[in-house]
Amino acid sequence: MDRDIGTRDDPLGNVSMELSEICNNGFDDVWLPLEDVQHGMLHVQLTWLWLANDPLELDRAIKLNSDVDGAHNAILMVFLDGAGNLPVSIW
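Here this note's numbering is used: the first residue of the sequence shown is 529, the next is one more, and so on.
The following block contains the structure:
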């Protein structure tokens, strides 16, 4: 949403992507079409980082990716409360 003072907020669109490809490849650089709006694209560059016990690992990862012009770093953490009927897979 864009936040307008005194006027109605307008939705900027939605986007969905499959995370398994990023997990398998370790990196993805894609333009995704926005949904629920007339037009628009979102440029996403993602790097998959595995969990680590060392908090300095995050600083190292950010430093490695800081040379990308115009990039903004963010961390997405997901808490999964439950899941059921999942297929069995051996990594």
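Cβ atoms here follow ideal geometry from the backbone N, Cα and C, with glycine treated the same way.
Query	Result
Taking Cβ to Cβ, would you say Pro-539 is nearer than 8 Å to Val-565?	yes
Could you give the distance in angstroms between the alpha-carbon of Ala-611 and the alpha-carbon of His-571?	30 Å
If I follow the unbroken beta strand (DSSP E) through Leu-614, where does it start and stop?	From DSSP, Leu-614 is part of no beta strand (DSSP E); its letter is neither H nor E.
Output the boundary residues of the alpha helix (DSSP H) element that contains Leu-570.	Taken as a continuous stretch (DSSP letters only), Leu-570 belongs to no alpha helix (DSSP H), being part of the beta strand (DSSP E) at 569-575.
From which residue to which residue does the beta strand (DSSP E) around Leu-560 run?	555-561
How long is the line joining the alpha carbons of Asn-542 and Val-616, rounded to whole angstroms?	31 Å
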